[in-house]
Amino acid sequence: MNSLSHALSGLMTRMVGPGALTGLTRLSGGANMESWAFDWAGGAYVLRRAPSADYMAGRPYGHADEAALVIAAHGAGVKAPEVVGVLTDSDGMGTGYVMRRVIAEVNPAKILADPPPSLLTDLGRELARIHAIPAETIPAAIPLMDTAAALAELKERFLDYGGDRPVIALAIKWCEDHLPTPADPVLVHGDYRMGNIMVDVAKESGRLAVVLDWELAHRGDAHEDLAFGCMTVWRFGRIDQPAFGVGSLEQYFAAYEAAGGVKVDRDRFHFWLVYRTLWWALGCLQMGQAWRSGADPTVERVVIGRRTAEQELDLLLLLEAEAPADERDRALPSPPPDALPSTGEPTNREMVQAVRDWLAEEIKPGAEGHGKFQVAVVMNALGIVMRDLNAGVRAEDRALADALLSGATTLAQPGLLAKLRRAVLDKCAVDSPKYTALARARESWGAQE
Numbered sequence: 084m085n086s087l088s089h090a091l092s093g094l095m096t097r098m099v100g101p102g103a104l105t106g107l108t109r110l111s112g113g114a115n116m117e118s119w120a121f122d123w124a125g126g127a128y129v130l131r132r133a134p135s136a137d138y139m140a141g142r143p144y145g146h147a148d149e150a151a152l153v154i155a156a157h158g159a160g161v162k163a164p165e166v167v168g169v170l171t172d173s174d175g176m177g178t179g180y181v182m183r184r185v186i187a188e189v190n191p192a193k194i195l196a197d198p199p200p201s202l203l204t205d206l207g208r209e210l211a212r213i214h215a216i217p218a219e220t221i222p223a224a225i226p227l228m229d230t231a232a233a234l235a236e237l238k239e240r241f242l243d244y245g246g247d248r249p250v251i252a253l254a255i256k257w258c259e260d261h262l263p264t265p266a267d268p269v270l271v272h273g274d275y276r277m278g279n280i281m282v283d284v285a286k287e288s289g290r291l292a293v294v295l296d297w298e299l300a301h302r303g304d305a306h307e308d309l310a311f312g313c314m315t316v317w318r319f320g321r322i323d324q325p326a327f328g329v330g331s332l333e334q335y336f337a338a339y340e341a342a343g344g345v346k347v348d349r350d351r352f353h354f355w356l357v358y359r360t361l362w363w364a365l366g367c368l369q370m371g372q373a374w375r376s377g378a379d380p381t382v383e384r385v386v387i388g389r390r391t392a393e394q395e396l397d398l399l400l401l402l403e404a405e406a407p408a409d410e411r412d413r414a415l416p417s418p419p420p421d422a423l424p425s426t427g428e429p430t431n432r433e434m435v436q437a438v439r440d441w442l443a444e445e446i447k448p449g450a451e452g453h454g455k456f457q458v459a460v461v462m463n464a465l466g467i468v469m470r471d472l473n474a475g476v477r478a479e480d481r482a483l484a485d486a487l488l489s490g491a492t493t494l495a496q497p498g499l500l501a502k503l504r505r506a507v508l509d510k511c512a513v514d515s516p517k518y519t520a521l522a523r524a525r526e527s528w529g530a531q532e
């Protein structure tokens, strides 16, 4: 951290003027980039950076263009961060930029515990403003998304990752069969959801304060942004509130349209809900690949790699209406039996549990900041291993995935939907047992735990 402090002091002197660096703290979260909060000359700032070129490999544009986009959004009246400067090679800190820090709440659990009354209206209005950013102000490097080409790329990635997850194959085939006609392109934020917005909840009439994380922005269909924040995973447990975990889709769409957004097409919205859930399922698998390749050796990547099970559960809930009514009513197969209690020498599961318990009792209480976050991630990883060792559940079935991907097999096949339901329930119970949609799916499908 000392080398970062020294380099950052030189950067801020160049950007802002003389001062002293204080309070440098690594912020928790952020699946790809580092964020550091600090104070300089009486002002609060955040450094967003990639510490090496490996983190930016394969991205369509770099931090300089991302910063230029954020500046354009801020200039158009969007609640985007205020960029004060962009890193150069001579700064010696990788690539990135510095923003003025907004002091507001970002934790979805805290926001959703008591969301401000205006929040859903704010979310709809802000998204309409993003989609109205003048095209001539958007950096040329920001790409135009071709939906058919993007779907083909997802399919290629799926096959590269083994092509053996039946529910993902089912979703790819469904998207191919329901590809919408191209829409008039707008700037799409690409990651517009709880966790990437900050809310001023301290005031009596709290409001949306800022929209963060513009690294996935592109030009494309407005409905992609509309759907993304409504995915089950981004409702953070409040699945009865389909718009961001805050309210109803009707309220959200009305707020968006009233602020100048396009008229919402429900079928197009549903396509993008399926597509982005599929996208994140493959994104989770990609996290595991990033760990295997050494591009990102953090435990967080491995754990996110196992969250694919959540998205497979959500995909089946989104697509099960394609099955005939008698298949939707079919009873599920019985769950696999629990492993017998062990005797004799400690099993692998018990040894993992001993390590996890030690972390919980001896290490986590004394950890702080990003270190505490990392301990929690490690404990989560060990919990997955414990449950997996006990259940021995696997999700791979290449033959079935091939049949679904080709269309040779569909949800009309007797017993297939019930089999897939049982499989996603059992896998999610291992990988994400607290995922709120898991309990809802069990209830809906009449499943035994």
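Under the working numbering, residues 84 to 532 are what the sequence shown spells out, in order.
Beta carbons: idealized from backbone N, C-alpha and C, even for Gly.
What you are looking at is a predicted structure, and each value in this text was computed from that prediction instead of being measured.
Considering only 439, 189, 104 and 492, the residue with the shortest C-alpha distance to residue 470 is 439. Look at residue 524 here: in three-state DSSP terms it is helix. The continuous beta strand (DSSP E) containing residue 127 extends over residues 126 to 133. Secondary structure of residue 216 (DSSP, three-state): coil.
Beta-bridge partners assigned by DSSP to residue 119: 109 and 130.
Boundaries of the alpha helix (DSSP H) harbouring residue 432: 431 to 441, taken from the DSSP string.
The residues 203 and 326, in chain order, have a CB closer than 7 Å to that of residue 334 in the same chain once the five nearest residues on each side in sequence are set aside. CA-CA distance, residue 150 to residue 396, rounds to 36 Å.
The Cβ atoms of residue 266 and residue 304 lie closer than 8 Å to each other. Beyond the five residues adjoining it in sequence on each side, residue 110 comes within less than 6 Å, by CB distance, of 118 and 120 in the same chain, given in chain order. For residue 261, the three-state secondary structure derived from DSSP is coil.
Inclusion of residue 401 and residue 253 in the CB contact set at 8 Å is not warranted, their separation being larger than that value. For the 8 Å CB-CB criterion, residue 181 and residue 116 do not form a contact.
With contacts defined by Cβ atoms closer than 8 Å, residue 500 and residue 512 do not form a contacting pair. Contact annotation: the region 216 to 224 does not touch the region 328 to 344, with fewer than three C-beta pairs closer than 8 Å. In the DSSP assignment, residue 388 falls within the unbroken alpha helix (DSSP H) covering 382 to 388.
If you look at residue 283, you'll find it in the beta strand (DSSP E) that goes 280 to 283.
In the DSSP assignment, residue 472 falls within the alpha helix (DSSP H) that extends over 452 to 474.
Around the beta carbon of residue 101, fewer than 16 other beta carbons lie within 10 angstroms, which makes this residue exposed. A check of alpha carbon separations from residue 236 across 195, 259 and 427 identifies 259 as the nearest.
Boundaries of the beta strand (DSSP E) around residue 292: 290 to 294. In chain order, 382, 385 and 386 place their CB closer than 7 Å to the CB of residue 464, counting only its own chain and leaving out the 5 sequence neighbours on each side.
Going by DSSP, residue 306 is part of the alpha helix (DSSP H) stretching over 305 to 311. Close CB contacts of residue 189 within its chain, under the 6 Å cut and outside five residues either way in sequence, are with 281 (chain order). Counting only the Cα atoms, residue 404 lies some 8 Å from residue 411.
About 14 Å separates the Cβ atoms of residue 122 and residue 96, ruling out a contact at the 8 Å cut-off. In this chain, residue 370 is not harboured by any beta strand (DSSP E); it is covered by the alpha helix (DSSP H) spanning 349 to 376. Of the candidates 390, 494 and 478, the residue whose Cα lies closest to the Cα of residue 516 is 390. Per DSSP, the continuous beta strand (DSSP E) segment holding residue 179 begins and ends at 178 to 183.
When DSSP states are grouped into helix, strand and coil, residue 93 belongs to the helix group. In the displayed model, residue 301 falls within a strand according to three-state DSSP. Taking every protein chain shown into account, the CB of residue 89 has fewer than 16 other CB atoms within 10 angstroms, so this residue is exposed.
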